[in-house]
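Numbering (the numbering used here), first residue to last: 1 to 120.
Step one of this worksheet: look at the structure below.
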């Protein structure tokens, strides 16, 4: 898995992230991430915007984000590291009381798609 947040309330953690990303009010808004219509999150920094998408899934005691490349555009090591690091930083900054630990894989895991190849 790409980025795993250990928590007893994974849905509440995802809901809190989603709310802060999508809220209208600027105070407390997470302005560095955006959610698309497919419920994937991408970073907004110009050097990496839309070069990867983080897809959240809920498990028993974790919120897990897998990374997905845009169709036909493999993810570079830099973009992979940027997305993992910045997602973790965002959660520590805004939601440290909602999870106990975070971990990232150094290389793509089984459910990641870093090559941008999708079945029709």
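Ideal Cβ placement from N, Cα and C applies to all residues, glycine included.
With distances taken from CA atoms, which of 92, 84, 38 and 32 is nearest residue 114?
-> 84
Would you call residue 51 buried or exposed, if buried means 16 or more other Cβ atoms sit within 10 Å of its Cβ?
-> buried
Residue 6 and residue 66 look like a contact to me (Cβ under 8 Å); what is the Cβ gap, rounded to whole Å?
-> Between residue 66 and residue 6 the Cβ distance is about 16 Å, and since that is not below 8 Å, they are no contact.
Which word fits residue 15, buried or exposed, when buried means at least 16 other C-beta atoms lie within 10 angstroms of its C-beta?
-> exposed
Could you give the DSSP three-state label for residue 41: helix, strand or coil?
-> strand
Selection from 116, 43 and 71 that minimises the alpha carbon distance to residue 33 = 43
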